[in-house]
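Report on the structure given below.
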Amino acid sequence: ALAYVAQNTMALRRLAKVSRPVLGGVFIAVGLALLFRLNHVIEAWALQNMPDWLIDFSVIL
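Plus 27 on top of the position in the sequence shown (first one is 1) and you've got our numbering.
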């Protein structure tokens, strides 16, 4: 049982070493998108392409 826990712990540490820089890159990309107001472009595109029932449903929520 102890070996199984240790093996899982080591696997999670390896995953953390890889995922930390990836997550940092994602945070930088999202920050730059917000800085350059790309979220407004994406929102306008989504509103043009979403069906009416989905827009109405999102307003209800």
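Even for Gly, the Cβ is constructed at its ideal location relative to N, Cα and C. Here the structure is a predicted model, which is why all the values come from computation and not from measurement.
When the Cα atoms are used, L88 and R41 turn out to be separated by approximately 40 angstroms.
In this structure, DSSP gives A71 a helical state, which the three-state scheme calls helix. The distance from the Cβ of A73 to that of N66 is about 10 angstroms, inconsistent with a contact at the 8 angstroms cut-off. In the DSSP assignment, L88 falls outside any alpha helix (DSSP H) and carries neither an H nor an E.
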